[in-house]
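Protein chains in written order, with this note's numbering: chain A, 44 to 480; chain B, 44 to 480.
There are 2 protein chains.
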Amino acid sequence: MNIILLSGGSGKRLWPLSNDIRSKQFIKIFKKEDGSYESMLQKVYGQIKKVDSEAKVTIATSSTQVSSIHNQLGTQVGISVEPCRRDTFPAIALATAYLVDVMKVSPEEAVVVCPVDPYVNDDYFEALKELSIQAGKGEANLVLMGIEPTYPSEKYGYIIPESKDFTSMVSTFKEKPTVDVAKEYISKGALWNGGVFAYKLGYVLNKAHELIDFKDYYDLFAKYESLTKISFDYAVVEKEDKIQVQRFSGEWKDIGTWNTLTEAMEESIIGKGVMNDTCSKVQIINEMDVPVLAMGLSDVVICASSEGILVSDKEQSSYIKPYVDSFVQQIMFAEKSWGSYKVIDVESGSMTIKVTLNPGNKMNYHSHKNRDEVWVVLSGQGRTIVDGFEQKVKAGDVIAMNAGCKHTVVADTELKLIEVQLGEAISVEDKEKHELD
Amino acid sequence: MNIILLSGGSGKRLWPLSNDIRSKQFIKIFKKEDGSYESMLQKVYGQIKKVDSEAKVTIATSSTQVSSIHNQLGTQVGISVEPCRRDTFPAIALATAYLVDVMKVSPEEAVVVCPVDPYVNDDYFEALKELSIQAGKGEANLVLMGIEPTYPSEKYGYIIPESKDFTSMVSTFKEKPTVDVAKEYISKGALWNGGVFAYKLGYVLNKAHELIDFKDYYDLFAKYESLTKISFDYAVVEKEDKIQVQRFSGEWKDIGTWNTLTEAMEESIIGKGVMNDTCSKVQIINEMDVPVLAMGLSDVVICASSEGILVSDKEQSSYIKPYVDSFVQQIMFAEKSWGSYKVIDVESGSMTIKVTLNPGNKMNYHSHKNRDEVWVVLSGQGRTIVDGFEQKVKAGDVIAMNAGCKHTVVADTELKLIEVQLGEAISVEDKEKHELD
Chain A
44 MNIILLSGGS GKRLWPLSND IRSKQFIKIF KKEDGSYESM LQKVYGQIKK
94 VDSEAKVTIA TSSTQVSSIH NQLGTQVGIS VEPCRRDTFP AIALATAYLV
144 DVMKVSPEEA VVVCPVDPYV NDDYFEALKE LSIQAGKGEA NLVLMGIEPT
194 YPSEKYGYII PESKDFTSMV STFKEKPTVD VAKEYISKGA LWNGGVFAYK
244 LGYVLNKAHE LIDFKDYYDL FAKYESLTKI SFDYAVVEKE DKIQVQRFSG
294 EWKDIGTWNT LTEAMEESII GKGVMNDTCS KVQIINEMDV PVLAMGLSDV
344 VICASSEGIL VSDKEQSSYI KPYVDSFVQQ IMFAEKSWGS YKVIDVESGS
394 MTIKVTLNPG NKMNYHSHKN RDEVWVVLSG QGRTIVDGFE QKVKAGDVIA
444 MNAGCKHTVV ADTELKLIEV QLGEAISVED KEKHELD
Chain B
44 MNIILLSGGS GKRLWPLSND IRSKQFIKIF KKEDGSYESM LQKVYGQIKK
94 VDSEAKVTIA TSSTQVSSIH NQLGTQVGIS VEPCRRDTFP AIALATAYLV
144 DVMKVSPEEA VVVCPVDPYV NDDYFEALKE LSIQAGKGEA NLVLMGIEPT
194 YPSEKYGYII PESKDFTSMV STFKEKPTVD VAKEYISKGA LWNGGVFAYK
244 LGYVLNKAHE LIDFKDYYDL FAKYESLTKI SFDYAVVEKE DKIQVQRFSG
294 EWKDIGTWNT LTEAMEESII GKGVMNDTCS KVQIINEMDV PVLAMGLSDV
344 VICASSEGIL VSDKEQSSYI KPYVDSFVQQ IMFAEKSWGS YKVIDVESGS
394 MTIKVTLNPG NKMNYHSHKN RDEVWVVLSG QGRTIVDGFE QKVKAGDVIA
444 MNAGCKHTVV ADTELKLIEV QLGEAISVED KEKHELD
């Protein structure tokens, strides 16, 4: 099947694990059989490939997430990069055009569009395959996933099907209701709208051409910034008569808050942590190198990362956003396509970071206007290129670079280094990329 | 007055603020009028000097605390360093000999011995002065402080006075009792033993000579390791008939646990922290550079430092010790006589620390057998001396030192640097001091 994963979100609700550039789908919190951890993105990608090893996966996302996606999935995955945020209709149109014009998929083929972060079992992805097959039949222009409700939720939109069959035409949609209204809907056979839809690529391309004047993917990409913000629901779904829905009754969780995320966690402690036996329903997620000790707590989540420390009653944790918005702080940790970095010291006039490059990877060849830098190699082997001069480096080697000097480092094995940045206006914006001759 | 402050303790009960080398008396947690914070040691020293600007203060302590004392009080304070721990009688005998033989105080003068960390008002130190004056009169060989009990505590020893006068002869001592027995003592006019005693220097010197064969302070210091461990109470107090007690009814708190320490704190947040309005009786003490966010908690103390993170119900916090004992971890922060250092990154084969030197200070001239080091100066001005070669340094300068190389840095202004240590067996023990030619 063809599948487009919508990957958005700034992820403040899971602070301090998520931040402006690390959205929740990139947090490695799910334990694998080998004892290591994977992210929601990695988990979902693995599930798709397990259900359909031939699946063509395209991730629709913003440029800020490209490095993290490459870091976590490698470069085999397709990425449709939105030059800026323009809501779901332009994003889905762009990804659809990408599949046809770049990936050369026939407009007659079907595609399934799905959020990047459902917490589900493999049967969910089997259901997506069914959805895709159904869309390919062309009985309807859109095929949606209708999730069998387990309680009268106010959080979801509802789909009213015409029949109780596995596949049914959609009668109508209902916005997020009150609990009482939700009960009424459910008694009439309503389903939760899971935010998933399947269609033939040509269908959405035609809709896009009706609303936007563009030639192909490349043209659409070029004029993306000029597009109107409009949701796929508003631009397409609400105006379409021929919509089918397929029922899904498997497990399905939305884990957007600490409360729901900790419910989905198998372990009570990730990272260095100890709790005494007077603790109950406490969870510790600790990305720091030093231990967390919890004593005498109930229903509390403790999370520590380079960004900060959260200690919250689980119920209260859903109200986190305004507090996190109030923190004025630079990014302390980031995944890059070549590895990752962590800020380990901040002073007025200097910043010290620890850089880890994955084997075979290298930074962009770049320079800074307003800061000098010093690298001290901690471990691994590689090569630095400084103003065109290439040099082998190993643990203990020191490379001093003045402002303006072009530089990069290539990791032959995993390579770790301390980078000391010195200057009065240190900023991630102060970076000019250069071509290597 | 002459005063000996007994400064001991490894301070695990206040982890992660205290550790093996930073005892609780050095934690800067008490807000001064200018908004900055001072430690219990600094607070007590300031109180003594306020009550008696001529007071001669000697701190009896182990060598591990000397750097912190100099860092916090400068070098004007007398320090009687115990070469090893031998309980209170040898410690008090050594400090007494120090006053007579080094500070040249007459054996006829009185001295007050007091713990370094009472949480009290100035009236307590006025009372110490009274104690000293009383001891100088020679009516008794020892004068103790008896604290008016506020509840039938099981935590303290009791002094039974002969009369209810301000100054009274002591009838007898009682060990820590049960609550019921404590009630009975109190009904008979018993006082808490505050662990304070005043005496004429010559009295304790004579007692020491009776029990130990030594000439003077220097001789006692030299044979300190061979001394028997014995408490002052057991060696002197219990055998003495002529003991007086003076009553003290002012505020007096023992702040050895998080529960009692947070009670004594004026503020609910020290450092970067935010709590929402569903928090009650929560205290945040955060020494990290990133924020702590607390939500929906009651009666909880949150403390974060380079050593770790504690989140504990206040009542439960008194049971912290065995958990902290179980953490196998190197020291992550230390105050030195010349400034301080903080470990900011630990890897197998390397450790990165941030060093802050106070103006006019310098490290010992030293070398390491098993590690190379790289210094990157972040700010300030000073001079490095490497294998005898002196060089001015400023922000951005890099100094690389191989194992075996002798080195030091002198701070002309406050000087901060990043030190990257590289080697397979990095240890604070791997340090050889050298004379500067």
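We treat Cβ as the ideally placed atom computed from N, Cα and C, and that holds for glycine. Because the structure is a prediction, the values reported are computed rather than measured.
I want to see whether chain A comes within less than 8 Å of residue i, judged by CB atoms only; does it?
{"i": "residue 410 of chain B", "result": "no"}
{"i": "residue 472 of chain B", "result": "no"}
{"i": "residue 402 of chain B", "result": "no"}
{"i": "residue 370 of chain B", "result": "yes"}
{"i": "residue 345 of chain B", "result": "yes"}
Quick one: is residue i buried, meaning 16 or more other Cβ sit within 10 Å of its Cβ, or exposed?
{"i": "residue 378 of chain A", "result": "buried"}
{"i": "residue 462 of chain A", "result": "buried"}
{"i": "residue 356 of chain A", "result": "buried"}
{"i": "residue 265 of chain B", "result": "exposed"}
{"i": "residue 453 of chain B", "result": "buried"}
{"i": "residue 421 of chain B", "result": "buried"}
{"i": "residue 38 of chain A", "result": "There is no way to answer for residue 38 of chain A, as the model of chain A reaches only from 44 to 480."}
{"i": "residue 111 of chain A", "result": "buried"}
{"i": "residue 432 of chain B", "result": "exposed"}
So which residues on chain B does residue i lean against when the C-beta distance must stay under 7 Å?
{"i": "residue 422 of chain A", "result": "390, 392, 393"}
{"i": "residue 332 of chain A", "result": "389"}
{"i": "residue 494 of chain A", "result": "Because chain A here runs from 44 to 480, residue 494 of chain A falls outside it and cannot be looked at."}
Any beta-carbon of chain B closer than 8 Å to the one on residue i?
{"i": "residue 406 of chain A", "result": "no"}
{"i": "residue 354 of chain A", "result": "yes"}
{"i": "residue 263 of chain A", "result": "no"}
{"i": "residue 349 of chain A", "result": "yes"}
{"i": "residue 465 of chain A", "result": "yes"}
{"i": "residue 484 of chain A", "result": "The structure shown does not extend to residue 484 of chain A, since chain A spans only 44 to 480, so no value can be given for it."}
{"i": "residue 362 of chain A", "result": "yes"}
{"i": "residue 100 of chain A", "result": "no"}
{"i": "residue 86 of chain A", "result": "no"}
{"i": "residue 288 of chain A", "result": "no"}
{"i": "residue 419 of chain A", "result": "yes"}
Closer than 8 Å by beta-carbon distance: list the chain A residues that pair up with residue i, in chain order.
{"i": "residue 359 of chain B", "result": "319, 321, 338, 339"}
{"i": "residue 313 of chain B", "result": "Here the premise fails: no neighbours, minimum Cβ distance about 14 Å."}
So residue i contacts chain A; which residues on that side make the cut at Cβ distance below 7 Å?
{"i": "residue 176 of chain B", "result": "Within chain A, no residue comes near residue 176 of chain B; the closest Cβ sits about 46 Å away, beyond 7 Å."}
{"i": "residue 397 of chain B", "result": "388"}
{"i": "residue 459 of chain B", "result": "390"}
Going by CA-CA distance only, name the one from the options that's closest to residue i.
{"i": "residue 242 of chain A", "options": "A:287, A:199, A:401", "result": "A:287"}
{"i": "residue 338 of chain A", "options": "A:301, A:65, A:321, A:88", "result": "A:321"}
{"i": "residue 194 of chain B", "options": "B:230, B:249, B:474", "result": "B:230"}
{"i": "residue 324 of chain B", "options": "B:314, B:332, B:340", "result": "B:340"}
{"i": "residue 418 of chain A", "options": "A:397, A:431, A:405", "result": "A:397"}
{"i": "residue 137 of chain A", "options": "A:176, A:262, A:61, A:179", "result": "A:262"}
{"i": "residue 438 of chain A", "options": "A:456, A:165, A:61, A:445", "result": "A:456"}
{"i": "residue 385 of chain B", "options": "A:191, A:384, A:388", "result": "A:388"}
{"i": "residue 473 of chain A", "options": "A:179, A:409, A:441, A:297", "result": "A:409"}
{"i": "residue 317 of chain B", "options": "A:316, A:366, A:92", "result": "A:366"}
{"i": "residue 190 of chain B", "options": "B:294, B:94, B:245", "result": "B:294"}
Give me the chain B residues within the contact set of residue i, using Cβ-Cβ distance strictly less than 8 Å, ordered along the chain.
{"i": "residue 366 of chain A", "result": "317, 319, 336, 338"}
{"i": "residue 415 of chain A", "result": "439"}
{"i": "residue 375 of chain A", "result": "333"}
- [ ] Count the CB pairs spanning the segment 345 to 356 of chain B and the segment 81 to 99 of chain B that are closer than 8 Å, and state whether there are at least three.
- [x] Flag = no, the segment 345 to 356 of chain B and the segment 81 to 99 of chain B do not touch.
Task: Given 8 Å, three or more beta-carbon pairs between the segment 407 to 414 of chain B and the segment 459 to 469 of chain B - done: Touching, yes, given that three or more Cβ pairs across the two stretches are closer than 8 Å.
- [ ] Spell out a yes or no on whether the segment 122 to 130 of chain B and the segment 105 to 112 of chain B are touching, meaning 3 or more CB-CB pairs, one atom from each, closer than 8 Å.
- [x] Yes, since at least three Cβ pairs between the segment 122 to 130 of chain B and the segment 105 to 112 of chain B fall closer than 8 Å, the two stretches touch.
Task: Inter-stretch contact (C-beta, 8 Å, three-pair minimum) for the segment 299 to 316 of chain B and the segment 336 to 349 of chain B - done: Taking 8 Å as the limit for Cβ pairs, the verdict is that the segment 336 to 349 of chain B does touch the segment 299 to 316 of chain B.
Open item on the list: Is it the case that the segment 275 to 293 of chain A contacts the segment 200 to 217 of chain A, given that we only count it when at least three CB pairs across the two stretches are under 8 Å?
Closed with: Here the segment 200 to 217 of chain A lies against the segment 275 to 293 of chain A, with 3 or more beta-carbon pairs under 8 Å apart.
Open item on the list: Within 8 Å, do at least three Cβ pairs link the segment 246 to 256 of chain A to the segment 272 to 280 of chain A?
Closed with: Output reads yes: the segment 246 to 256 of chain A touches the segment 272 to 280 of chain A.
- [ ] Examine the Cβ distances between the segment 364 to 373 of chain A and the segment 329 to 337 of chain B and report whether three or more of them are shorter than 8 Å.
- [x] Judged by Cβ distances under 8 Å, the segment 364 to 373 of chain A makes contact with the segment 329 to 337 of chain B, as three or more pairs qualify.
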